[in-house]
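Take a look at the structure set out below.
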Amino acid sequence: MADEEKKEAEAAQTPENGEAAATETPPAEAAEGDAAAAQAALPPIIVIKKVIDEGHGGAHGGAWKIALADMMTAMMAFFLLMWLLGSTNEDQRKSIADYFRPTSHSQVSLGQTAGSSGLLGGTSIIDPEGFKFTAKQTALLERVTPRSEAGPSTSDGSSQDPKNREGKSEDLSKEEKKKVAAEVDKENFDKLEKEIKENMKENKQLAKLKDQVTFTREADGLRIDIIDKADFSMFPLGSDRLEGRAAALIREVAKSLKDMPNKVAVTGHTDSVSFAPDSGKNNWSLSAERAEATRKILESGGLSDKRFAKIEGVADTMPFNPKDRADPRNRRMSVKVLYQNVN
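Under the numbering used here, the first residue of the sequence shown is numbered 1, with each subsequent residue one higher.
Put into structure tokens, the structure is as follows:
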């Protein structure tokens, strides 16, 4: 018995299940420790970062400067164009366009559009429409100007050939000159009629008077008649004072006439209605006064006083409607554009 108790006491003092169990290391912690020990045993990883110094070539090359210069030039041209369009009128834009047009006949044919044909398109100095009444007259001048048969001439106009220094001139006869001048005038008369009609059409007030204006070709020129009607009269009854629309119409005629070289004759007409015997007036004086009033309006519209060849009043002797001399249409003003007198 004593031996058994002794063994039990020793067994109780042996640390198999007590302190030994309390100091035993958990498996997870043991694994972490093993991994740390293995990591410490490996050699360190060295990362090398290489920085290449390219100097100033990478970000400051010269290619971008060319592209920037092109863009800036294009933008400058664009904004300059916008400024020109906004700060100039139509005539100024035409002048700018004309500056870039060729002026030599060898470069562009007569009437051909040169330079800009868009918004900045204008009239070239060799465009016949730019000078409505001079293109044919230039041709006339070239034909009627004597030409020397002495060959080439020097800068002072003298012939290089001493034998032919006197020279002979090739000249047109008087009849040929008149024929050429008449052709020029006929074309100019057509342009004049077309221009007056178009200008009246564009004006709302004058457009109402289109039936009161007639154009008649005669042996001595183009006659433009401004005719009264029952509902329209240029002058008050018995007066030589032009009414508003009639004066505006005559100024429009003057505007179209002022660039022509032709002389102008103004004739006043009345109907057969006479004045009272004690009034001291008659249709002769009235028609002459109205012709003078018309001349003054033409002059104020831009027609030079040297352009007038004749101002006259014919009363009712040249009626528009011979069958009815009291017809209001017999009261009219005639502005005749005469053919040029070529001597």
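Think of the CB as a built atom: it goes at the ideal place given N, C-alpha and C, for glycine as much as any other residue.
By Cβ distance below 8 Å, which residues in the same chain neighbour residue i in space, the five residues on each side in sequence not counted?
{"i": "Tyr339", "result": "Ala181, Ala182, Asp185, Asp220, Gly221 and Asn262"}
{"i": "Leu42", "result": "none"}
{"i": "Lys281", "result": "Gly238 and Phe275"}
If I measure Cβ to Cβ from residue i and keep anything under 6 Å in the same chain, skipping five residues before and after, which residues do I get?
{"i": "Glu193", "result": "Phe215"}
{"i": "Ile227", "result": "Gln212, Arg329 and Arg332"}
{"i": "Ser272", "result": "Asp316, Arg325 and Ala326"}
{"i": "Ala35", "result": "none"}
Quick one: is residue i buried, meaning 16 or more other Cβ sit within 10 Å of its Cβ, or exposed?
{"i": "Phe275", "result": "exposed"}
{"i": "Pro277", "result": "exposed"}
{"i": "Gly39", "result": "Looking at the sequence provided, one finds Gln at residue 39 rather than Gly. When all chains shown are included, Gln39 counts as exposed."}
{"i": "Pro236", "result": "exposed"}
{"i": "Ala246", "result": "buried"}
{"i": "Leu141", "result": "Any reading at Leu141 must be qualified, since the residue scores a pLDDT of 49, below 50, and its modelled position is unreliable; the value itself is stated next. Label assigned to Leu141: exposed."}
{"i": "Met234", "result": "buried"}
{"i": "Ile344", "result": "Residue 344 lies beyond the stretch modelled for the chain, which goes from 1 to 343, so this question has no answer here."}
{"i": "Ile66", "result": "exposed"}
{"i": "Lys94", "result": "buried"}
{"i": "Asn341", "result": "exposed"}
{"i": "Asn89", "result": "exposed"}
{"i": "Pro44", "result": "exposed"}
{"i": "Ile344", "result": "Residue 344 cannot be examined here, being either before or after the span of the chain that is shown, 1 to 343."}
{"i": "Ile250", "result": "buried"}
{"i": "Leu257", "result": "buried"}
{"i": "Asp98", "result": "buried"}
{"i": "Leu242", "result": "buried"}
Is the Cβ-Cβ distance between residue i and residue j less than 8 Å?
{"i": "Lys336", "j": "Arg217", "result": "no"}
{"i": "Asn302", "j": "Lys229", "result": "It should be pointed out that residue 302 corresponds to Gly in this sequence rather than to Asn. Taking 8 Å as the Cβ cut-off, Gly302 and Lys229 do not qualify as a contacting pair."}
{"i": "Thr270", "j": "Asp316", "result": "yes"}
{"i": "Leu206", "j": "Glu252", "result": "yes"}
{"i": "Glu312", "j": "Ala293", "result": "no"}
{"i": "Lys191", "j": "Met200", "result": "no"}
{"i": "Met260", "j": "Asn188", "result": "yes"}
{"i": "Asp240", "j": "Arg290", "result": "yes"}
{"i": "Asp225", "j": "Ser334", "result": "yes"}
{"i": "Gly244", "j": "Leu286", "result": "no"}
{"i": "Ile96", "j": "Leu84", "result": "yes"}
What is the DSSP secondary structure of residue i, counted as helix, strand or coil?
{"i": "Gly238", "result": "coil"}
{"i": "Glu187", "result": "helix"}
{"i": "Phe308", "result": "strand"}
{"i": "His221", "result": "Strictly speaking, residue 221 in this sequence is Gly, with His absent from that position. Gly221 falls in the strand class under three-state DSSP."}
{"i": "Lys336", "result": "strand"}
{"i": "Lys265", "result": "Residue identity differs from the one stated: residue 265 is Ala in this sequence, not Lys. Note: Ala265 maps to strand in three-state DSSP."}
{"i": "Lys50", "result": "coil"}
{"i": "Gly301", "result": "coil"}
{"i": "Val253", "result": "helix"}
{"i": "Val213", "result": "strand"}
{"i": "Ile227", "result": "strand"}
{"i": "Phe232", "result": "strand"}
{"i": "Gly313", "result": "strand"}
{"i": "Ser173", "result": "coil"}
{"i": "Arg325", "result": "coil"}
{"i": "Asp34", "result": "helix"}
{"i": "Arg290", "result": "helix"}
{"i": "Arg245", "result": "helix"}
{"i": "Phe275", "result": "coil"}
{"i": "Thr73", "result": "helix"}
{"i": "Arg101", "result": "coil"}
{"i": "Met200", "result": "helix"}
{"i": "Gly157", "result": "Any reading at Gly157 must be qualified, since the residue scores a pLDDT of 48, below 50, and its modelled position is unreliable; the value itself is stated next. Note: Gly157 maps to coil in three-state DSSP."}
Can you give me the Cβ contacts of residue i inside the same chain, cut-off strictly under 7 Å, excluding the 5 residues immediately before and after it?
{"i": "Arg295", "result": "Val266, Phe308 and Ile311"}
### Segment contact, 8 Å Cβ cut-off, at least three pairs: the stretch 250–269 with the stretch 292–309
yes
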